[in-house]
Amino acid sequence: MEKVPNEILIQILEKCDTADWIGFRATSTRNHAVGSYVLGKSQTFDFRHYNDHCHYGICRCLNVENDEKINGTNLNPTKMINFMGFLPSLRKIVLADLSCVLTMSDMIKLGKSVPNVQKVVVIQNENKKWLGNDVLMGLTYFKSLVKLKLDGWEPTTITRRGCASRIEAIPQSTLRKLINFHIVCRQETVSKVLRYIIDNEVIMAKCVKAKFNVRLSSPDIPHLILKFIEFHPKIQKIHFNGFLFTTQEQVQAFYDHLLNLPQLKTVRIENCSVIERIEHALQRKFLDALRKRGIKFTNLVTSLRHGY
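Counting in UniProt numbering, the sequence shown runs from 1 upward without gaps.
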């Protein structure tokens, strides 16, 4: 290995993930320099790679007495944030399956340590809660953030002594900066986010791509999504998954709102249904309008009674 030129080592490391680069740095002084160089070029950091790597320096090693706990699976937020200094080219962070509770203070420090990050992905498993209260408020400190994906996030109700209860929310300043907004959550969460945007008149003027994936739809979703479309005429690509409409009139209004988007280029409709029968003429009219404008599309809303 000592005779292998640095250029070859760099090419090999570029085929590996960031966790391997971190381990490689610890093997020798020379490899530390090579590994640090490759780390400095890295543009993506996924915390899911580090749950089993306590020796990589960003975990809090634990003395455990049973086999159910493994050394290093308790991530140290402070070390995690400090480690970001090795990644000056970072553009994307994936926060998922953290083995510690991430607080709003931790998120603020993380945002300050990665001034060039443009995309943040937050994934929370229903069986493993690691997001602390109001943690998304820390997104305000990600100064270059323009793309946000939330998967499995469930806003909680915050109650403090002497204050009225409130529901967690995404910072308005963050929403207004977003170019790409993607949310994959249960129906209550999607409804709360859309209602928050509409009630507070949060205009995401820069948003050109939006994706809403609902695991179980609710009656207020169609109305809220129509309002969202009205608020954001610059949308170019939009994706809906799992929506349930009650009447054909709701579907027609949905189609009309999509066609009223002047810059629309792509519309994806997946697993969206309507309870009532839907007329073939309505589907054909929508299809013809999409094709006439050259808009890319996948499926249509289908009827639960007769299909299409």
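Note that CB positions come from ideal geometry on N, CA and C, so glycine has one too. From a predicted model like this one, the values you see are computed outputs, not experimental measurements.
Cβ-based neighbour list, residue i, same chain, cut-off 8 Å, excluding 5 preceding and 5 following
i           : result
residue 42  : 18, 21, 87, 89, 90
residue 228 : 194, 197, 198, 210
residue 127 : none
residue 163 : none
residue 270 : 239, 240, 241, 242, 298, 299
residue 277 : 248, 303, 305, 306
Whole-angstrom distance between residue j and residue i, CA atom to CA atom
i           : j           : result
residue 240 : residue 296 : 14 Å
residue 123 : residue 3   : 42 Å
residue 281 : residue 225 : 23 Å
residue 251 : residue 287 : 13 Å
residue 234 : residue 215 : 26 Å
residue 218 : residue 243 : 8 Å
residue 151 : residue 279 : 35 Å
residue 204 : residue 132 : 26 Å
residue 47  : residue 161 : 35 Å
residue 36  : residue 30  : 10 Å
residue 14  : residue 223 : 47 Å
residue 170 : residue 255 : 28 Å
residue 319 : residue 40  : This structure leaves residue 319 out entirely; the chain is present only between 1 and 308.
Buried or exposed by the 16-neighbour rule on C-beta atoms within 10 Å, applied to residue i
i           : result
residue 185 : buried
residue 85  : exposed
residue 305 : exposed
residue 165 : exposed
residue 200 : exposed
residue 28  : exposed
residue 247 : exposed
residue 298 : exposed
residue 125 : exposed
residue 81  : buried
residue 189 : buried
6 Å CB neighbourhood of residue i in its chain, flanking five on each side removed
i           : result
residue 141 : 108, 111, 112
residue 180 : 147, 209
residue 34  : 6, 9
residue 104 : 134, 135, 137, 138
residue 220 : 191
residue 159 : 165
Proximity to residue i [Cα-Cα], best of the options
i           : options            : result
residue 273 : 39, 245, 254, 260  : 245
residue 275 : 158, 302, 155, 23  : 302
residue 294 : 277, 282, 259, 278 : 259
residue 206 : 133, 289, 263      : 263
residue 257 : 29, 289, 149, 83   : 289
residue 121 : 247, 129, 139, 104 : 139
residue 321 : 49, 242, 30, 28    : Residue 321 is absent from the structure shown; the chain starts at 1 and stops at 308.
residue 174 : 157, 149, 215, 190 : 149
residue 38  : 154, 12, 271       : 12
residue 230 : 249, 214, 171, 253 : 253
residue 212 : 182, 267, 283, 202 : 182
residue 177 : 80, 220, 94, 202   : 202
residue 319 : 188, 82, 45, 135   : The chain is shown from 1 up to 308; residue 319 falls before or after that span and cannot be answered.
residue 153 : 191, 161, 159, 172 : 191
residue 283 : 156, 300, 157, 31  : 300
residue 129 : 188, 97, 220, 232  : 97
residue 266 : 285, 291, 277      : 291
Residues of its chain near residue i, where Cβ-Cβ distance is below 7 Å and the 5 sequence neighbours each way are ignored
i           : result
residue 77  : 100, 102, 106
residue 144 : 115, 116, 117, 118
residue 24  : 13, 31, 35
Simplified DSSP state of residue i, which is helix, strand or coil
i           : result
residue 119 : strand
residue 270 : strand
residue 47  : helix
residue 287 : helix
residue 179 : coil
residue 4   : coil
residue 151 : strand
residue 160 : coil
residue 103 : coil
residue 25  : helix
residue 31  : helix
Heavy atom of the ligand PLP within 7 Å of residue i beta-carbon
i           : result
residue 231 : Because no ligand of any kind appears in the structure shown, any question about the ligand PLP cannot be addressed here.
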